[in-house]
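Trainee:
Protein chains: 2
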Amino acid sequence: MTTPPLLEQPRVCSIARALEVVGERWALLVIREVSLGVRRFDAIQAATGAPRAVLTDRLAGLVRAGALERVSYREEGSRTRWEYRLTPAGRELAPVLSALRQWGDRHLSGEAGPPATFTHTGCGAPVRVRHVCDAGHVIDDTRMISAVAESTDSADSAER
Amino acid sequence: MTTPPLLEQPRVCSIARALEVVGERWALLVIREVSLGVRRFDAIQAATGAPRAVLTDRLAGLVRAGALERVSYREEGSRTRWEYRLTPAGRELAPVLSALRQWGDRHLSGEAGPPATFTHTGCGAPVRVRHVCDAGHVIDDTRMISAVAESTDSADSAER
DNA sequence: CATCTGAGTTCGATTCTCGAACCTAGATGG
DNA sequence: CCATCTAGGTTCGAGAATCGAACTCAGATG
Chain D
1 MTTPPLLEQP
11 RVCSIARALE
21 VVGERWALLV
31 IREVSLGVRR
41 FDAIQAATGA
51 PRAVLTDRLA
61 GLVRAGALER
71 VSYREEGSRT
81 RWEYRLTPAG
91 RELAPVLSAL
101 RQWGDRHLSG
111 EAGPPATFTH
121 TGCGAPVRVR
131 HVCDAGHVID
141 DTRMISAVAE
151 STDSADSAER
Chain V
1 MTTPPLLEQP
11 RVCSIARALE
21 VVGERWALLV
31 IREVSLGVRR
41 FDAIQAATGA
51 PRAVLTDRLA
61 GLVRAGALER
71 VSYREEGSRT
81 RWEYRLTPAG
91 RELAPVLSAL
101 RQWGDRHLSG
111 EAGPPATFTH
121 TGCGAPVRVR
131 HVCDAGHVID
141 DTRMISAVAE
151 STDSADSAER
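If you read the protein sequences in the order shown, they are chains D and V.
At position 88 of the first sequence the residue is numbered 88 (UniProt numbering), and the sequence of numbers has no breaks.
At position 50 of the second sequence the residue is numbered 50 (UniProt numbering), and the sequence of numbers has no breaks.
Written out as C-alpha cells, the structure reads:
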C-alpha cells in the first residue's frame, strides 16, 4: 500500500488513447477554431499559427479519427471550396477544451485576467466544467471519486 | 456573419497557454500517474512508457509550471529519495484528465469497453465532467454557452 | 491573357523524441 | 574493504516531427 509496484507495461487507458488523437501539437487548437465557426484552411491557419504543412496533417488526422469532416460547399457564384466541420464526436471534445481553458484562466492568465469568459445563455451565470455524478451530485473533491478497473489481464486497481 | 475575417495574429487564449504547459507529449500522462499515487521516477517511467530523458524534462517543466513539486522523503532506515507530488494547481487538472478519458471511453475503446470506470464514492453513480453554470444548471448543449471576449486590442467576439 | 484566391506541397534547417547504454551516490552483503 | 544493488538521472546517435518561406495548381475575375 505504501509503494505501488512497478508496472511492467505502460498503463492501458482512455486518456492515453485520446491523446493519440488530440494530443499532438495544434490538434486541439484546430478543434477550438472549428468550434468557434472558423472552418476554412487559411482561416484556421491564421487563427492557430500552425505551419501549413502541419495543419494539413492535423486536419487529415482529425478527419480520420472522426472528429472533423471535410465538406465541399459553394457560395453563390463562387467555385467549390472545402471546409471542415465538427462531427458529433468532435463536438464532444468541448469539455476537454473547457477544462483546459478553465485551468489556463486560473493559473496562467496573469494580471490581465482571462482573455474571455463564458456564460450560460439562459441565465448569464459563468460556466465551468465540473465532475457530476449521474445522481446529480456535483463533486469537487476528487477523493470522492473511485476508480474501478475493468478486470482485464494484468490486475491493477487504481485508488486515489 | 457568413465568413469570419482572417485573424492577423494567432488567437490569444487560455487553451493555448494551458497547452504550452501540459500539451507536450507525456505531460498529462505524468499528471495522471501522480494523481493515481505513483510518485517515483522509475514508477512513473514504467507506467507511462516515456523515455527517461523526456520524462526528466517533463517533470522539470511541470515543477516549473507549478503543477508538481519535487520533495525529498526518507522511509525507515532507507536513504533519502525524491518523489513528485501534485500541487493544488496540479490537482485542478483533474477535469482535463476526466474530459479526455470520457472522450476516449466513448470514441476509442472499441469492443472491450472502457478500461476503467469512475463512480461517486458517496452514492456509487458513474461520474462524468459536464458544463455547469454557477446557478447550478447542467448544460449539455454547447450552443447555450456564450463567449464574451474581454475587450483587448483586436476586437473579435466569438459566437458559437 | 494576367491576376487573385483558396488549399495545399515542397524544401532545407532546426528541434524533439526514441531506446539503449552509461553514471553516481548511498545502502547492503560477504 | 570490495562488489553489488537501486533510484534517479545523463549521454549519445539515429530517426521523426516541426518550423517558416517559397512554390504549385486550378478555378474565378478583370
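Note that beta-carbon positions come from the ideal geometry of N, C-alpha and C, so glycine has one too.
Whose C-beta lies closer than 8 Å to the C-beta of V/Thr80 among residues of the same chain, with five residues either side of it excluded?
Mentor: Ser72, Tyr73 and Arg74
Trainee: With the cut-off set at 7 Å, would you say V/Arg130 and D/Val132 are in Cβ contact?
Mentor: Their beta carbons are under 7 Å apart, which means V/Arg130 touches D/Val132 by this criterion.
Trainee: Helix, strand or coil, according to DSSP, for D/Arg39 in the structure here?
Mentor: coil
Trainee: Given that D/Pro10 touches chain V, what residues does it touch there, using C-beta distances under 7 Å?
Mentor: Within chain V, the residues Ala47, Thr48 and Gly49 have their CB atoms less than 7 Å from the CB of D/Pro10, given in chain order.
Trainee: Could you tell me the boundaries of the beta strand (DSSP E) in which V/Val12 lies?
Mentor: From DSSP, V/Val12 is part of no beta strand (DSSP E); its letter is neither H nor E.
Trainee: Under a three-way DSSP split, which group does D/Ala67 fall into?
Mentor: coil
Trainee: Kindly indicate which residue of V/Arg52, V/Val12 and V/Ala50 has the alpha-carbon position closest to the one of D/Ala46.
Mentor: Checked all of V/Arg52, V/Val12 and V/Ala50; the closest Cα to D/Ala46 is V/Val12.
Trainee: Which residues mark the beginning and the end of the beta strand (DSSP E) in which V/Ala89 is found?
Mentor: First-last for V/Ala89: Pro88 to Arg91, but that is the alpha helix (DSSP H), not the beta strand (DSSP E).
Trainee: Might you give, ordered along the chain, the residues of its own chain that have their beta carbon closer than 6 Å to the beta carbon of V/Arg128, omitting 5 neighbours on each side?
Mentor: Gln102
Trainee: Rounded to whole angstroms, what is the Cα-Cα separation between D/Val96 and D/Ala50?
Mentor: Per the coordinates, the alpha-carbon of D/Val96 lies some 20 Å from the alpha-carbon of D/Ala50.
Trainee: In whole angstroms, give me the CA-to-CA distance for D/Pro114 and D/Asp105.
Mentor: If you take the alpha carbons of D/Pro114 and D/Asp105, they lie about 5 Å apart.
Trainee: Checking 7 Å against the spacing of the C-beta atoms, do D/Ser109 and V/Ser14 come in under that value?
Mentor: Taking 7 Å as the Cβ cut-off, D/Ser109 and V/Ser14 qualify as a contacting pair.
Trainee: For D/Val38, which residues of its own chain have a beta-carbon under 6 Å away from its beta-carbon, when the five flanking residues on both sides are left out?
Mentor: Ile44 and Ala47
Trainee: D/Gly90: buried (16+ other C-beta within 10 angstroms of its C-beta) or exposed?
Mentor: Taking every protein chain shown into account, the CB of D/Gly90 has 16 or more other CB atoms within 10 angstroms, so this residue is buried.
Trainee: I want to verify the contact list: residues of chain V whose CB lies under 9 Å from the CB of D/Arg32, in sequence order.
Mentor: Arg11, Cys13, Ile15 and Ala16
Trainee: With DSSP collapsed to three states, give me the class of D/Ser98.
Mentor: helix
Trainee: Secondary structure at D/Glu20, three-state DSSP: helix, strand or coil?
Mentor: helix
Trainee: Between V/Thr119 and the rest of its own chain, which residues show a CB-CB distance below 8 Å, the 5 nearest in sequence each way excluded?
Mentor: Spatial neighbours of V/Thr119 in its own chain (CB-CB distance under 8 Å, excluding positions within 5 residues in sequence) are listed in chain order as Ala125, Pro126 and Val127.
Trainee: When the cut-off is 7 Å and only beta carbons count, does V/Val54 lie next to chain D?
Mentor: no
Trainee: Under a three-way DSSP split, which group does D/His131 fall into?
Mentor: strand
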